[in-house]
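Engineer:
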Amino acid sequence: MAHHMPFVVGLTGGIGSGKSTAASCFSQHGAVVIDADQISRALTATGSEVLDEITESFGSALVDSTGSLDRAALASIVFSDPDSLATLNAIMHPKIRAKALEIISKSDPRAIVVYDMPLLVETGSEDICDAVVVIDVDPRTQVERLVASRGMSAEQAEERIRNQASREFRNQSGTWVIENSSSHADFVIACEFVWKEIEQRAHRVRE
Numbered sequence: 001m002a003h004h005m006p007f008v009v010g011l012t013g014g015i016g017s018g019k020s021t022a023a024s025c026f027s028q029h030g031a032v033v034i035d036a037d038q039i040s041r042a043l044t045a046t047g048s049e050v051l052d053e054i055t056e057s058f059g060s061a062l063v064d065s066t067g068s069l070d071r072a073a074l075a076s077i078v079f080s081d082p083d084s085l086a087t088l089n090a091i092m093h094p095k096i097r098a099k100a101l102e103i104i105s106k107s108d109p110r111a112i113v114v115y116d117m118p119l120l121v122e123t124g125s126e127d128i129c130d131a132v133v134v135i136d137v138d139p140r141t142q143v144e145r146l147v148a149s150r151g152m153s154a155e156q157a158e159e160r161i162r163n164q165a166s167r168e169f170r171n172q173s174g175t176w177v178i179e180n181s182s183s184h185a186d187f188v189i190a191c192e193f194v195w196k197e198i199e200q201r202a203h204r205v206r207e
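In the working numbering, the protein residues as written are 1 to 207.
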């Protein structure tokens, strides 16, 4: 059977793991990057049906005076309560998935598409991917980075990490696991190496 769809690589990793560095490395090599967070922001734009669904579930206090979603307020609710997170995921993920699939279907069938999705394994989205790259980082480094780069407290950072898939569970789903606990330079080299392997695999699938 001929492969008439692009080769899709899921890209995931915990918060603060370095996914954006990997995504930009892959896009420099010609990958089409689909960013689940960007889709999410577009879906929850002012006046959107999705925004109405969110305020129905979580209250109108989450919309600021300009009619925009207060993402920080929503995050503080869902990241402290697993049930709220599940509710939000049930609203958002089918729509994010549908949009991602639409972009994939419109992409050049010879392209390599990188689906950058923080909650890839939590939402079972690896089923739309031909392969998965997981960026792995040890939790201590993760906390240090979040405190340094996003101004979180150590407690907030730890809570965010706890609410994502366990490191073991996420790493098991990876076709490739790229370690990002040492230097930035080492990490970029590792991303370059994995990109070559992705290209080889995509080529084999198309043969």
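Idealized CB from N, CA, C, for every residue including glycine.
1) Could you check if residue 178 is buried or exposed, using at least 16 other CB atoms within 10 Å of its CB as the buried criterion?
2) In the DSSP output, which residue or residues are listed as bridge partners for residue 131?
3) Per DSSP, residue 112 is paired with what?
4) Within the same chain, show all residues whose beta-carbon is closer than 7 Å to that of residue 274, passing over the 5 residues directly before and after it, in chain order.
5) Could you compute how far the alpha carbon of residue 22 sits from the alpha carbon of residue 75?
6) From the DSSP output, which residues share a beta bridge with residue 101?
7) Residue 118: which of 14, 4, 105, 5 sits nearest, CA to CA?
8) Helix, strand or coil for residue 122, going by three-state DSSP, please let me know.
9) For a quick check, are the C-beta atoms of residue 32 and residue 113 less than 8 Å apart?
10) Please return the same chain residues whose Cβ sits closer than 8 Å to the Cβ of residue 50, not counting the five positions on each side in sequence.
11) Helix, strand or coil, according to DSSP, for residue 52 in the structure here?
Structural biologist: On the basis of the coordinates in this document:
1) buried
2) 9
3) 7
4) Nothing in the structure corresponds to residue 274, since the chain is present only between 1 and 207.
5) 24 Å
6) None, per the DSSP bridge assignment.
7) 14
8) coil
9) yes
10) 43, 44, 91, 92, 95
11) helix
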